[in-house]
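Each residue of the sequence shown is one higher than the one before, starting from 1308 at the first, in our numbering. What follows is a short report on a single structure.
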Amino acid sequence: MDIADGDFGMLEFIWRSCKVVFALSPLIGMVALFVMAYDDPAAEKKKRDADFDFALAGNEE
């Protein structure tokens, strides 16, 4: 592959680049999922505190 071939060389380079991106897209998606799937610490603490915010019936003295 020689990019200096003109339009054909550039099209071949673009096509091979697209194939690499398509081949790596599941990996790119998983990395994006793990990077963007967290909340700020205040929102995370609020969600965790809400999980344990309950009272058992019949436990009153």
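Virtual Cβ for every residue (Gly too), placed ideally from N, Cα, C.
{"query": "Close-in-space but distant-in-sequence residues of the same chain around LYS1326 (CB under 7 Å, 5 per side omitted)", "result": "none"}
{"query": "Spatial distance of LYS1353 from VAL1338 (CA atoms)", "result": "26 Å"}
{"query": "N- and C-terminal bounds of the alpha helix (DSSP H) containing GLY1336", "result": "1314-1343"}
{"query": "Nearest-angstrom Cα separation, counted from TYR1345 out to LEU1334", "result": "18 Å"}
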